[in-house]
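Chains as they are written, first to last, in full-length UniProt numbering: chain A, 1 to 126; chain F, 1 to 126. Note sheet for the following structure.
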DNA sequence: ATAGTTGTATTATATCATATATAACAAACA
DNA sequence: TGTTTGTTATATATGATATAATACAACTAT
């Protein structure tokens, strides 16, 4: 899987790495138990510091997406759950997005359409 | 409208102010042409600096939600549009959320259900 | 055993975002 | 003439972000 980093973005580099891997997981480009590049290797490819990659990996680990072993490196977890913490975070973020969309005149149907299209877009790669 | 600020949150104070006002607009607690508290007054109420409130207001102005006059203070704009910039930002943010939800096993229907419930929650206050 | 790789930890440094404090300004109003 | 409005300016402090350079323990391959 290939990561694209925008150094000019206001989004922190470690956050971009985090987000891209989430997208890769959803698209099926990364599969359970698959091994990820070593922090030094990915740092070289992206021209960022080793610790920046490690920070992105660590964030994904605290969220349960990745597992680290000192022997085997970092790999994708076997399965993920929609735990309470995730559901609460999802609700909060959707709350703000739904509010902004409603203010600007988008209907529920239009919002649902966007989500459906994006969701199906992920299923294409499986 | 009453704003609630969490000084211990990792979300910047000006961002919290911004977000709460968006939610207030969606819930009908703030209406078009309505005047908002002066930056100094709101800063006093929230125990934050005047410039922090101004930063939140300015962000909302660049997004088209508010209008500032040196005579009349800051008020809600007359109407909002779903312009290209907003739609693009909405798509990007929903993209990541949809990806995370899919990974964790949520179906399209479950996502749509959350949005519908939240959307209707805003309509209650109108 | 030796060398290399893994994630991790440490220390130091630089830069930017965030937030505050204080003051001043132009424009409008009572 | 004061007062209020948003705005601008300067200075300061703190935390997040990012880099650099080392070092370490644990494991793998030769």
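Ideal placement from N, C-alpha and C gives every residue a C-beta, glycine not left out.
Nearest to residue 60 of chain A (by Cα), restricted to the options A:11, A:125, A:75: Measuring C-alpha to C-alpha distances from residue 60 of chain A to each of A:11, A:125, A:75 identifies A:75 as the nearest.
Outcome for residue 102 of chain F when other beta-carbon atoms lying within 10 angstroms are tallied against a minimum of 16: Residue 102 of chain F comes out buried.
Residues near residue 20 of chain F in its chain [Cβ-Cβ closer than 6 Å; skip 5 each side]: Around residue 20 of chain F: 3.
Exposure of residue 104 of chain F, with buried meaning 16 or more beta-carbon neighbours within 10 Å: Per the 10 Å Cβ criterion, buried.
Residue-level contact to chain F via CB, residue 98 of chain A, 9 Å cutoff: For residue 98 of chain A, the answer is yes, since a Cβ of chain F falls inside 9 Å of its Cβ.
Proximity below 9 Å, CB of residue 49 of chain F to CB of residue 5 of chain F: It is not a contact, given that the beta carbons lie outside the stated cut-off.
Proximity test, Cβ basis, 9 Å: residue 116 of chain F and chain A: By this cut-off, residue 116 of chain F is an interface position.
Close beta carbons around residue 125 of chain A, own chain, < 8 Å, minus the five adjacent residues each side: Within its own chain, the residues whose Cβ lies closer than 8 Å to the Cβ of residue 125 of chain A, once the five positions on either side in sequence are excluded, are 27, 28, 29, listed in chain order.
Exposure label - residue 52 of chain F; buried when at least 16 CB within 10 Å: It is buried - the Cβ of residue 52 of chain F has at least 16 other Cβ atoms within 10 Å.
Proximity to residue 13 of chain F [Cα-Cα], best of F:42, F:90, F:68, F:91: Among F:42, F:90, F:68, F:91, the Cα nearest to that of residue 13 of chain F is on F:42.
Neighbour flag for residue 125 of chain F against chain A, beta carbons, 9 Å: It does not: the Cβ of residue 125 of chain F has no partner Cβ on chain A nearer than 9 Å.
Interface partners of residue 103 of chain F on chain A, CB under 8 Å: The answer, in chain order, is 22, 25, 26, 65, 80.
CB contact flag (residue 64 of chain F, residue 54 of chain F, <9 Å): Contact flag unset, no.
Distance CB(residue 23 of chain A)-CB(residue 8 of chain F) smaller than 9 Å: Cβ distance not < 9 Å, so residue 23 of chain A and residue 8 of chain F don't count as in contact.
Residue 74 of chain A in three-state terms, based on DSSP: Strand, per DSSP.
Of the listed residues F:1, F:16, F:88, nearest to residue 25 of chain F (C-alpha basis): Nearest C-alpha to residue 25 of chain F: F:1.
Limits of the beta strand (DSSP E) - the one that residue 66 of chain A falls within: Its beta strand (DSSP E) spans residues 66 to 69.
Interface partners of residue 19 of chain A on chain F, CB under 7 Å: Result: 96.
Under 8 Å from the C-beta of residue 76 of chain A: neighbouring residues of chain F: Ordered by position in chain F, no residue passes the 8 Å Cβ test against residue 76 of chain A, which lies about 10 Å from the chain.
Extent of the continuous alpha helix (DSSP H) to which residue 19 of chain F belongs: DSSP places residue 19 of chain F in the uninterrupted alpha helix (DSSP H) bounded by 13 to 27.
Chain-order list of residues whose beta-carbon lies under 7 Å from that of residue 118 of chain F (same chain, five-residue window excluded): So no residue of the chain qualifies.
Per-residue burial, residue 111 of chain A [other beta carbons within 10 Å of its own, 16 or more giving buried]: By the neighbour-count rule (16 or more Cβ atoms within 10 Å), residue 111 of chain A is buried.
Range covered by the alpha helix (DSSP H) that runs through residue 122 of chain A: Counting along the chain, the alpha helix (DSSP H) containing residue 122 of chain A begins and ends at 108 to 123.
Residue 35 of chain F in three-state terms, based on DSSP: Strand, per DSSP.
Continuous alpha helix (DSSP H) stretch holding residue 85 of chain F: start and end: 84 to 103 is the extent of the alpha helix (DSSP H) around residue 85 of chain F.
Distance between residue 44 of chain F and residue 85 of chain A (C-alpha atoms, nearest Å): Rounded to the nearest angstrom, the gap between the Cα atoms of residue 85 of chain A and residue 44 of chain F is 33 Å.
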